[in-house]
Amino acid sequence: MFNRAVLFVAAIIVQLSLATEGQTLMSEDISLPYPVKSCPPGYHHGWEVLALQFTGVSAEIFMKKTGSFFDSAWYAGEIIETTGEDNTVGATRTSVDPGDEPVTERLTDYHTSAPEAWSMRLVLENAPVTIAGIKLASYDEIFSAQSICGGAATYYTMTAAYCSDRVIQGYSMFDAYRRSAVAGLAKEIGADVFEGTCPSV
Numbered sequence: 007m008f009n010r011a012v013l014f015v016a017a018i019i020v021q022l023s024l025a026t027e028g029q030t031l032m033s034e035d036i037s038l039p040y041p042v043k044s045c046p047p048g049y050h051h052g053w054e055v056l057a058l059q060f061t062g063v064s065a066e067i068f069m070k071k072t073g074s075f076f077d078s079a080w081y082a083g084e085i086i087e088t089t090g091e092d093n094t095v096g097a098t099r100t101s102v103d104p105g106d107e108p109v110t111e112r113l114t115d116y117h118t119s120a121p122e123a124w125s126m127r128l129v130l131e132n133a134p135v136t137i138a139g140i141k142l143a144s145y146d147e148i149f150s151a152q153s154i155c156g157g158a159a160t161y162y163t164m165t166a167a168y169c170s171d172r173v174i175q176g177y178s179m180f181d182a183y184r185r186s187a188v189a190g191l192a193k194e195i196g197a198d199v200f201e202g203t204c205p206s207v
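What follows is the structure in C-alpha cells.
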C-alpha cells in the first residue's frame, strides 16, 4: 500500500515538473491548445471541443479535404490573402464571411503521419475581432484527424481555447459554426457520423 502511494506521488511530481518546464508528456502531442495565461479586461476564458467519428471515409480522404491551411474555405470562409507556404509554421491566412470583419490566423504547428493521421494548430493574429457579434481577444484552435477501426473510419476533433466578451455565446458560436461546417464537409465526401465502437463490416 505504501509503495503504491509513493509511486503515485512520484508520478504526479514528474508530470508537474514536465508541465512546469513547458514540455509535453508525449512527443509531437498537440492534442490540447496552449493555455491562455490571461484575458484582457472585459474578456473571459472559453473552451469548446467537437469530436466526431465518421464511417464511409478514410483519414486520407479527410486529410485531402481538411489538411490544408490555405485551402480551407470549407471552414474558414473565403480566403482573401495568404502569406508564407501552405502547411508551414508561420504562414498566415486571412478570411472573411459576409457581415464579419476579416480574420487573420497564423499556423503555429503542423504534424502529419499521412495517411493515418494529421493535426494543425492556429492562433488568431489580428485580435481583437468581432465574429457573429462576439468579440474575441484571442483564440487557439487545433484540428486533427486519425484513422480508426482498422482504417474503416476516421476520428476528427476540433478544439478551441479563447478569450471572449461573452463566453457562453462564444461557445455557442464556435459549436454551431463548426457543426455546420463539418456537416457540409461530411455530405460532400459521403461520410456518416457514428457513435460507440467500430461499426460492423
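Sequential numbering from 7 applies to the sequence shown in the working numbering. We put the CB at the ideal spot given by N, CA and C, even for glycine.
Excluding the five sequence neighbours on either side, which residues of its own chain have a C-beta within less than 7 Å of the C-beta of residue i, listed in chain order?
i: Leu230; result: Nothing about residue 230 can be reported from this structure: the residues present for the chain run from 7 to 207 only.
i: Glu107; result: Val135 and Thr136
i: Met69; result: Ala120, Pro121, Trp124 and Ala151
i: Ser178; result: none
i: Val15; result: Reliability of the predicted coordinates at Val15 is poor, the pLDDT of 33 falling under 50, and no value is obtained from them.
i: Ile67; result: Ile195
In or out: residue i buried (at least 16 other Cβ within 10 Å) or exposed?
i: Thr89; result: exposed
i: Thr165; result: buried
i: Arg185; result: exposed
i: Ser206; result: exposed
i: Thr136; result: exposed
i: Ser44; result: exposed
i: Ala65; result: buried
For chain B, check one thing: does any of its Cβ atoms lie closer than 9 Å to the Cβ of residue i?
i: Ala192; result: Among the chains of the structure shown, chain B does not appear; only one protein chain is present.
Tell me which residues share the same chain as residue i and place their Cβ nearer than 8 Å to its Cβ, disregarding the 5 neighbours each side in the sequence.
i: Glu27; result: Low confidence applies to Glu27: its pLDDT is 34, below 50, so where it sits in the model is not reliable, and the reading given next is rough at best. Nothing listed; no residue qualifies.
i: Ala97; result: Phe75, Phe76, Thr88, Thr89, Gly90, Glu91, Arg112 and Leu113
i: Glu201; result: Gln59
i: Val102; result: Gly83, Glu84, Ile86, Pro108 and Val109
Please go through the same chain and pick out, in chain order, the residues whose beta-carbon is closer than 6 Å to the beta-carbon of residue i, but skip the five residues on each side of it.
i: Cys204; result: Cys155
i: Asn93; result: Phe75 and Tyr116
i: Ala133; result: Ala143 and Ser144
i: Ala25; result: Caution applies to Ala25, whose pLDDT of 33 falls short of 50 and renders its modelled position unreliable; the model cannot decide the point.
i: Ala192; result: none
i: Leu56; result: Met164 and Arg184
i: Ala197; result: Phe60, Gly62 and Val63
Considering only DSSP beta bridges, list what residue i is partnered with.
i: Gln59; result: Tyr161
i: Asp115; result: Arg127
i: Ala138; result: According to DSSP, which records beta bridges pairwise, Ala138 is partnered with nothing at all.
i: Arg99; result: Thr88 and Glu111
i: Ala151; result: Trp124 and Tyr162
i: Ser186; result: Answer is none; Ser186 lacks a bridge partner.
i: Tyr49; result: Its beta-bridge partners do not exist; DSSP assigns none.
i: Glu201; result: Looking at the DSSP assignment, Glu201 forms no beta bridge with any residue, so it has no partner.
i: Tyr168; result: Gly52 and Tyr145
What do you reckon, are the CB atoms on residue i and residue j nearer than 9 Å?
i: Arg127; j: Leu113; result: yes
i: Glu122; j: Ser153; result: yes
i: Thr61; j: Ala158; result: yes
i: Gly105; j: Ile140; result: no
Notebook entry, point to check: Quick check: the region 68-85 against the region 166-176, are there 3 or more CB pairs under 8 Å?
Noted result: Not touching, per the Cβ criterion.
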